[in-house]
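For the record, the sequence lines run as chains E and S.
Numbering (this note's numbering) for the first sequence: 8 to 321.
Numbering (this note's numbering) for the second sequence: 88 to 633.
Before any comments, here is the structure.
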Amino acid sequence: MEWLPFWPKDAAVSGHVVDTLYIFELALTTLILISVYGLMLVFCIRYWRGRKVDRTKGAAKSWVWEIGWTSATLVAFLALFVWGAKAFIFLYQPPPADIEIFVVAKQWMWKTQHPGGQREIDELHVPIGKSVRLVLTSEDVIHSFYIPAFRVKHDVVPGQYETFWFKATKTGEFRLQCAEFCGTQHAHMGGRIVVMPAAAYARWLTDQGAHESLARQGEALFRKYGCSGCHGTNSAVHAPSLAGVYGSVVQLDGGGTARADERYIRDSILLPRSQIVAGYAPIMPSFAGQIGEDDLVAIVAYIQSLSRPPGASP
Amino acid sequence: MTSIAAELPSNYLTREHTVRSWLLTTDHKRIALLFFASITFFFFVGGFAATLIRLHLVNPAGTLLQPDMYNRMFTMHGIVMVWFFLIPSIPATLGNFLLPLMIGAHDLAFPRLNLASWYVFNISGALAIYFLLAGGVDTGWTFYTPFSTMYSNGHVMAAAAAVFVNGFSTIMTALNFVVTTHRLRAPGMTFMRLPLFVWAIYATSLVMLLATPVLAMTLALMAIERGLHVGIFDPALGGDPLLFQHLFWFYSHPAVYIMILPAFGVISEVITCFARKRIFGYEGMVWAMMAIAIIGFLVWGHHMFVAGISIYAAILYSVMTFIVAVPSAIKVFNWIATLHGGSIRFDAPMLYALGFIGLFTTGGLTGLIIATVAIDVHVTDTYFIVAHFHYIMVGGAVTAYFAGLHYWWPKITGRLYPEIWARGAALLIFVGFNLTFFPQFILGYLGMPRRYYAYPPEFQVWHVLSSAGASILAVAYVLPLFYLAWSLVYGAKAGPNPWRATGLEWRSASPPPAHNFSGTPFVTTGPYRYNTTDDGYVSQDGSAGA
Numbered sequence: 008m009e010w011l012p013f014w015p016k017d018a019a020v021s022g023h024v025v026d027t028l029y030i031f032e033l034a035l036t037t038l039i040l041i042s043v044y045g046l047m048l049v050f051c052i053r054y055w056r057g058r059k060v061d062r063t064k065g066a067a068k069s070w071v072w073e074i075g076w077t078s079a080t081l082v083a084f085l086a087l088f089v090w091g092a093k094a095f096i097f098l099y100q101p102p103p104a105d106i107e108i109f110v111v112a113k114q115w116m117w118k119t120q121h122p123g124g125q126r127e128i129d130e131l132h133v134p135i136g137k138s139v140r141l142v143l144t145s146e147d148v149i150h151s152f153y154i155p156a157f158r159v160k161h162d163v164v165p166g167q168y169e170t171f172w173f174k175a176t177k178t179g180e181f182r183l184q185c186a187e188f189c190g191t192q193h194a195h196m197g198g199r200i201v202v203m204p205a206a207a208y209a210r211w212l213t214d215q216g217a218h219e220s221l222a223r224q225g226e227a228l229f230r231k232y233g234c235s236g237c238h239g240t241n242s243a244v245h246a247p248s249l250a251g252v253y254g255s256v257v258q259l260d261g262g263g264t265a266r267a268d269e270r271y272i273r274d275s276i277l278l279p280r281s282q283i284v285a286g287y288a289p290i291m292p293s294f295a296g297q298i299g300e301d302d303l304v305a306i307v308a309y310i311q312s313l314s315r316p317p318g319a320s321p
Numbered sequence: 088m089t090s091i092a093a094e095l096p097s098n099y100l101t102r103e104h105t106v107r108s109w110l111l112t113t114d115h116k117r118i119a120l121l122f123f124a125s126i127t128f129f130f131f132v133g134g135f136a137a138t139l140i141r142l143h144l145v146n147p148a149g150t151l152l153q154p155d156m157y158n159r160m161f162t163m164h165g166i167v168m169v170w171f172f173l174i175p176s177i178p179a180t181l182g183n184f185l186l187p188l189m190i191g192a193h194d195l196a197f198p199r200l201n202l203a204s205w206y207v208f209n210i211s212g213a214l215a216i217y218f219l220l221a222g223g224v225d226t227g228w229t230f231y232t233p234f235s236t237m238y239s240n241g242h243v244m245a246a247a248a249a250v251f252v253n254g255f256s257t258i259m260t261a262l263n264f265v266v267t268t269h270r271l272r273a274p275g276m277t278f279m280r281l282p283l284f285v286w287a288i289y290a291t292s293l294v295m296l297l298a299t300p301v302l303a304m305t306l307a308l309m310a311i312e313r314g315l316h317v318g319i320f321d322p323a324l325g326g327d328p329l330l331f332q333h334l335f336w337f338y339s340h341p342a343v344y345i346m347i348l349p350a351f352g353v354i355s356e357v358i359t360c361f362a363r364k365r366i367f368g369y370e371g372m373v374w375a376m377m378a379i380a381i382i383g384f385l386v387w388g389h390h391m392f393v394a395g396i397s398i399y400a401a402i403l404y405s406v407m408t409f410i411v412a413v414p415s416a417i418k419v420f421n422w423i424a425t426l427h428g429g430s431i432r433f434d435a436p437m438l439y440a441l442g443f444i445g446l447f448t449t450g451g452l453t454g455l456i457i458a459t460v461a462i463d464v465h466v467t468d469t470y471f472i473v474a475h476f477h478y479i480m481v482g483g484a485v486t487a488y489f490a491g492l493h494y495w496w497p498k499i500t501g502r503l504y505p506e507i508w509a510r511g512a513a514l515l516i517f518v519g520f521n522l523t524f525f526p527q528f529i530l531g532y533l534g535m536p537r538r539y540y541a542y543p544p545e546f547q548v549w550h551v552l553s554s555a556g557a558s559i560l561a562v563a564y565v566l567p568l569f570y571l572a573w574s575l576v577y578g579a580k581a582g583p584n585p586w587r588a589t590g591l592e593w594r595s596a597s598p599p600p601a602h603n604f605s606g607t608p609f610v611t612t613g614p615y616r617y618n619t620t621d622d623g624y625v626s627q628d629g630s631a632g633a
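Put into structure tokens, the structure is as follows:
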């Protein structure tokens, strides 16, 4: 829809979804505004005081009209709601991801981490046509990860993992911005998303030099912080094994279940007492304040990798 | 027929002249004027910040103000305009002045509480001036945590204290209005005979009473975390940052209705009077306002669609938002239907009212666009939102405030304002407003985020247009200050009922005497008995005007 005047670039699947809906609502808005201004104008001129005109048939109290336009508005509004809600579910419920990127925000920069261990600052390189899932968190205040050309944003909240996704449909460079006020340099907390053809992307990944994959880095940290002492395969301590945990449904102590996504794993490290796995004693110490967001991301990636069949690429 | 109060020798303005008689007055009309002085001062304080912001944004590199100064300016603009102008604007001035007059009462139920409210307002105002002069605050008027509690180095505590104290003034006034509406209506003034302005003030007061305490609690919790480092909102201390947003918007969304419901009241009075026709669907208008007041409490989550709430919660808030828009749509339909078959005059209040309908409808329809969750994901926290809420709060609420100010000016001062100047200002406001804020819709969809002191150069043309509009708007908002002041001395004497309107306030003298009416009015009929064909009308006390 870039042929329209004053229209922003549209470079992702989500862009098309949002634009279609927006154009429809824009047309509807214009139509209603023309009617409102038009009727005001017509009535004002027609019934200008002093003009000789029949004023005896002016609209008077009428339940027919009132019920009519109230229900018509309600039905129209609900239709818009349904369309918007469906599109929203599409935007905010990630499909199975081809690539998963961890994003850590801080005043005033974006740190992105690829599964292969490549790190970028204020940039993110992604291949075209692949669904990219983002796991976002912040080290300090609330930020918001916003790519106008993709028509998507998501707030980045400290102490939480938020996820969303996109699939780029055009190659090129697109603006990345912070959309939630975060302090002095909020206006300059930006960067670029570089969408590349698959081959160029692969080349870019290798050009970044040899890297340990994010999961490998996490494995080292897993030992460094002593996690493996209890969660390792030969551990004497009675702690749940982490193989296959990611993506599974965990039975919790005292009934109930939890889906073991990134957020669950993170919470289990920082707030281990909040969700105890059924059959285990609440003996794990909290690591809150001891592991930085960057390390946490790597450890989470490692625990994720334990759920993949051996040899599968991250 | 002569006015009930015509033979009384002095009015509320001329009765006493000492400063003391003003500062210790319990007359609701004098207190309304005291509030008018206070909020007019803050309107121009907030306007000063807006002027600097628009000047600054002419240049994409943003070099006029330092980044921190820019951040403090938009925060100051928001805090001052929301709490020190918009929330008290129509209720504390026109509402204070007119509520007793319209229901045939001699004063509000608690005259001293009314005066106390003004003093509390000024204490909060002094705190606001203190935090502004001490260096300001850079959190935005929304005080989002953990930025406000742990990271901001502005005068957050003083700002929170100012807004906290301000809330007590709101609550005092609201309580007074609710009790007055229930207890002091003149004989025969049943609820379904109340003018729509009274209904609007009543509905607004209910929202104020229920919502404002939540703001006070939220700010207190924020101050506790900032001052004592008790973990409430900051995850590093074990708190939840989204909890703050839930609490804040639980107040601040209804606060939007606190601003716009009184505007609905003013516009309903003006439209029906200048169309010389009974308002279309009085009952529908009443229920629409009450529905907005109630459903308005269930939509706060639409400020948080992308904040990290569950997608099912987001969808629920979206549908509630569409539902709360229905009663607003009904009101627009009814105003337009009132024009049909009327006998329309275009005095300044009517021009403001017609402008209001256009601007409010624009704001309302763009509100539907952002209630559509999927679109909000793109435009939230951009200039689209800035444009939308200015269309509601400035295009809507402020325009209605000016409509009401002109409409009741003869009643308040006893003088007519200069019509030509007033019409000119009304047109200028409409043009300047659209030029200022329409480009911001385009900026928003293009992806320009809010609260940026610098921006990519391709957005400059829209910012320049917006700033050009703002300069027109600034002139248009200063104009009434001069011609209204001029009218105090040189304006023609108004007479009790210059618009030949039906409300009881027009049965008192202009300006009214100290206790409004010499006896107690007796209400025999509903409001708005205008006769389109012969231009006559029947006042609510049953007296017919020719």
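We put the beta carbon where it would ideally sit given N, CA and C, even for glycine.
With a threshold of 8 Å between beta carbons, is residue 109 of chain E in contact with chain S? Counting from 1 along the first sequence, the entry for residue 109 of chain E is found at position 102. By this cut-off, residue 109 of chain E is not an interface position.
In whole angstroms, what is the alpha-carbon distance linking residue 623 of chain S and residue 584 of chain S? The residue labelled residue 623 of chain S in the question sits at position 536 within the second sequence. The residue labelled residue 584 of chain S in the question sits at position 497 within the second sequence. Cα to Cα, residue 623 of chain S sits roughly 13 Å from residue 584 of chain S.
For a cutoff of 8 Å on Cβ pairs, would you count residue 509 of chain S as touching chain E? Working through the second sequence from its first residue, we reach residue 509 of chain S at position 422. So, not an interface residue.
Can you tell me whether residue 361 of chain S is buried or exposed, with buried defined as 16 or more other CB within 10 angstroms of its CB? Start at 1 with the first residue of the second sequence, and residue 361 of chain S comes out as number 274. Residue 361 of chain S comes out buried.
Quick check: residue 526 of chain S and residue 558 of chain S, are their CB atoms within less than 8 Å of each other? Taking the second sequence and counting its residues from 1, one reaches residue 526 of chain S at position 439. Taking the second sequence and counting its residues from 1, one reaches residue 558 of chain S at position 471. In this structure, residue 558 of chain S does not lie closer than 8 Å to residue 526 of chain S by Cβ.
From the DSSP output, in three-state form, read off residue 13 of chain E for me. Position 6 of the first sequence, counted from the start, is the residue given in the question as residue 13 of chain E. Residue 13 of chain E falls in the coil class under three-state DSSP.
Between residue 333 of chain S and chain E, is any beta-carbon pair separated by less than 8 Å? Counted from its first residue, the second sequence places residue 333 of chain S at position 246. Not closer than 8 Å to any Cβ of chain E, the Cβ of residue 333 of chain S fails to qualify, so no.
Using the C-alpha atoms, what's the distance from residue 189 of chain S back to residue 200 of chain S? To locate residue 200 of chain S, count along the second sequence from 1; it is residue 113. To locate residue 189 of chain S, count along the second sequence from 1; it is residue 102. Cα to Cα, the separation comes out at about 20 Å.
Tell me, please, whether the segment 589-603 of chain S touches the segment 496-506 of chain S by the rule of three or more beta-carbon pairs shorter than 8 Å. yes
Residue 225 of chain E: contacting residues in chain S (beta-carbon distance under 7 Å): As a first step, residue 225 of chain E is located in the first sequence; it is residue number 218 there, counting from the start. The contacting residues do not exist; residue 225 of chain E stays about 22 Å from chain S at best.
Which residue wins for smallest C-alpha separation from residue 276 of chain E, given the options E:26, E:307, E:224 and E:301? Within the first sequence, the letter at position 269 stands for residue 276 of chain E. Comparing Cα-Cα distances from residue 276 of chain E to each of E:26, E:307, E:224 and E:301, the minimum goes to E:307.
Going along chain E, which residues have a C-beta under 7 Å from residue 430 of chain S? Within the second sequence, residue 430 of chain S is the residue found at index 343, counting from 1. Within chain E, the residues near residue 430 of chain S are 54, 56 and 62.
Name, going along the chain, the residues of the segment 161-194 of chain E whose beta-carbon falls closer than 8 Å to a beta-carbon of chain S. 161, 162, 164, 165, 166, 167, 169, 182, 184, 185, 186, 187, 188, 189, 190, 191, 192, 193 and 194
Name the residue from E:270, E:54 and E:86 whose alpha carbon lies nearest to the alpha carbon of residue 252 of chain E. For this step, residue 252 of chain E is matched to residue 245 along the first sequence. Comparing Cα-Cα distances from residue 252 of chain E to each of E:270, E:54 and E:86, the minimum goes to E:270.
Any beta carbon from chain E within less than 8 Å of residue 434 of chain S's own beta carbon? Mapped onto the second sequence, residue 434 of chain S falls at position 347. It does not; no Cβ of chain E falls within 8 Å.
Quick one: list the residues of chain S neighbouring residue 45 of chain E, beta-carbon separation under 9 Å, in chain order. Here residue 45 of chain E refers to the residue found at position 38 when the first sequence is read from its first residue. The contacting residues do not exist; residue 45 of chain E stays about 10 Å from chain S at best.
Quick one: what does DSSP say residue 172 of chain E is sitting in, helix, strand or coil? Residue 172 of chain E sits at position 165 when you count from the first residue of the first sequence. Residue 172 of chain E: strand per DSSP, three-state reduction.
How would you list, in chain order, the residues of chain E whose beta-carbon sits under 7 Å from the beta-carbon of residue 427 of chain S? Position 340 of the second sequence, counting from 1, holds the residue named residue 427 of chain S. Per Cβ cutoff of 7 Å: 50, 65 and 66.
Counting only beta-carbon atoms, is residue 158 of chain S nearer than 8 Å to chain E? Locating residue 158 of chain S in the second sequence gives position 71, counting from the first residue. Yes, its Cβ sits closer than 8 Å to a Cβ of chain E.
Check whether the Cβ of residue 301 of chain E lies closer than 8 Å to any Cβ atom in chain S. Translated into the one-based positions of the first sequence, residue 301 of chain E becomes position 294. Chain S contact via Cβ: absent.
Residue 258 of chain E classed as buried or exposed, judged by whether at least 16 other C-beta atoms fall within 10 angstroms: To locate residue 258 of chain E, count along the first sequence from 1; it is residue 251. Exposed is the call here.
Are the beta-carbon atoms of residue 282 of chain S and residue 614 of chain S separated by less than 8 Å? Your numbering for residue 282 of chain S matches position 195 in the second sequence. Your numbering for residue 614 of chain S matches position 527 in the second sequence. Yes. Within cutoff.
Own chain, CB closer than 7 Å to residue 23 of chain E, minus 5 neighbours either side, in chain order: The residue labelled residue 23 of chain E in the question sits at position 16 within the first sequence. Closer than 7 Å at the Cβ level, and outside the excluded window around residue 23 of chain E, lie 17.
Between residue 97 of chain S and the rest of its own chain, which residues show a CB-CB distance below 6 Å, the 5 nearest in sequence each way excluded? For the purposes of this step, residue 97 of chain S is identified with residue 10 of the second sequence, where counting begins at 1. None.
Closest Cβ-Cβ distance between residue 353 of chain S and chain E: below 8 Å? Here residue 353 of chain S corresponds to residue number 266 of the second sequence, with the count starting at 1. Taking Cβ atoms only, chain E never reaches closer than 8 Å to residue 353 of chain S, which makes this a no.
Minimum C-alpha distance to residue 278 of chain S - residue among S:418, S:359, S:374 and S:232: The count along the second sequence starts at 1 and reaches residue 278 of chain S at position 191. Of the listed residues, the one whose Cα sits closest to residue 278 of chain S is S:374.
Tell me, please, whether the segment 187-205 of chain E touches the segment 128-148 of chain E by the rule of three or more beta-carbon pairs shorter than 8 Å. yes
The segment 236-262 of chain S: which residues have C-beta closer than 9 Å to a C-beta of chain E, in chain order? 237, 238 and 239
Determine the direct distance from the alpha carbon of residue 279 of chain E to that of residue 323 of chain S, and round the result to whole angstroms. Locating residue 323 of chain S in the second sequence gives position 236, where the first residue counts as 1. Locating residue 279 of chain E in the first sequence gives position 272, where the first residue counts as 1. Their Cα atoms are separated by approximately 15 Å.
Anything in the segment 253-266 of chain E with a Cβ closer than 9 Å to a Cβ of chain S? List those residues in chain order, please. none
DSSP state of residue 183 of chain E, grouped into three classes? On the first sequence, residue 183 of chain E is found 176 positions in, with the first residue counted as 1. Here residue 183 of chain E sits in strand by DSSP.
Just by C-beta distance, which residues in the segment 146-159 of chain E are closer than 9 Å to chain S? 147, 148, 149, 151, 153, 154, 155, 156, 157, 158 and 159
Between residue 167 of chain S and residue 214 of chain S, which are expected to be in contact by the criterion C-beta below 8 Å, what is the C-beta distance as a whole number of angstroms? As a first step, residue 167 of chain S is located in the second sequence; it is residue number 80 there, counting from the start. As a first step, residue 214 of chain S is located in the second sequence; it is residue number 127 there, counting from the start. The pair is not a contact, with the Cβ atoms about 12 Å apart (cut-off 8 Å).
Taking CB distances under 8 Å as the criterion, tell me whether residue 90 of chain S reaches chain E. Numbered from 1 along the second sequence, position 3 holds the residue referred to as residue 90 of chain S. Any reading at residue 90 of chain S must be qualified, since the residue scores a pLDDT of 48, below 50, and its modelled position is unreliable; no value is offered.
Classify residue 146 of chain E as helix, strand or coil using the three-state DSSP reduction. For this step, residue 146 of chain E is matched to residue 139 along the first sequence. Residue 146 of chain E: coil per DSSP, three-state reduction.
Starting from residue 265 of chain E, trace the beta strand (DSSP E) in both directions and tell me its first and last residue. Here the question's residue 265 of chain E lines up with position 258 in the first sequence. It spans 264-266 - the beta strand (DSSP E) in which residue 265 of chain E sits, taken as one unbroken run.
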